[in-house]
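**Q**
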Amino acid sequence: MFNSKCIFCRIILGKLPSNIIAVDEKAIALLDAFPLAKGHTLVIPKLHFAKVQDMPDDYESAIFHLMHRLVDPIEKATHVDSSIIAIHNGKGAGQEIEHVHIHIVPRTAQDGAGPIHSMFVKRPVISSTDLKQLAIEIRKEL
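Read in my numbering, the sequence shown has 540 at position 1, and its numbers run on one by one without any break.
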């Protein structure tokens, strides 16, 4: 399962250069070519899956295991004690490349990026009754 138009698939197949940090059977980690911070790393499955829910459990486990292995070394190498770990899951969430990838972005309090809540200028006001109903609806979908 590769997509010849996908930049990540082309990197995995060795058709594009990259700064690979780690590789295992089902996942690969590389430095982001357009980093938000020094050490910005991407962890991707070695097969093409557009969204998290498209991945089978073994690939899901592989990317999260590799991410977990890398966070501490990335923070140490970049001399920080914090990082953002993020997945944009679909175009509406800001996913620019339709291949699942985890961002590990080293952070400092002075980098100006702020918390995730600072990304959303238009936040909904949801009543406690509506929150309870939403929880019921989500549980029904499980």
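For each residue, glycine too, the CB sits at the ideal point set by N, CA and C.
Our contact map puts C548 next to E637 with C-beta atoms below 8 angstroms; I'd like the distance itself, whole angstroms only.
**A** Here the question's residue 548 lines up with position 9 in the sequence shown. Here the question's residue 637 lines up with position 98 in the sequence shown. That pair is no contact at about 10 angstroms.
**Q** Using the beta-carbon count (16 or more within 10 Å), is K630 buried or exposed?
**A** Numbered from 1 along the sequence shown, position 91 holds the residue referred to as residue 630. Exposed.
**Q** What does the alpha-carbon distance come out to for the pair A674 and A572?
**A** By 1-based counting over the sequence shown, the position of residue 674 is 135. By 1-based counting over the sequence shown, the position of residue 572 is 33. Their Cα atoms are separated by approximately 39 angstroms.
**Q** What are the complete beta strand (DSSP E) segments, minimum 3 residues, inside the segment 552-596?
**A** Qualifying beta strand (DSSP E) stretches, in chain order: 559-562, 566-570 and 580-584.
**Q** Near E635, what residues of its chain come up, given a Cβ to Cβ distance below 8 angstroms and the 5 sequence neighbours on each side ignored?
**A** Taking the sequence shown and counting its residues from 1, one reaches residue 635 at position 96. These residues qualify, in order along the chain: H627.
**Q** Taking the alpha carbon of H579 as the point to measure from, which residue in N558, V591 and S667 has its own alpha carbon closest?
**A** Working through the sequence shown from its first residue, we reach residue 579 at position 40. Of the candidates N558, V591 and S667, the one whose C-alpha sits nearest the C-alpha of H579 is N558.
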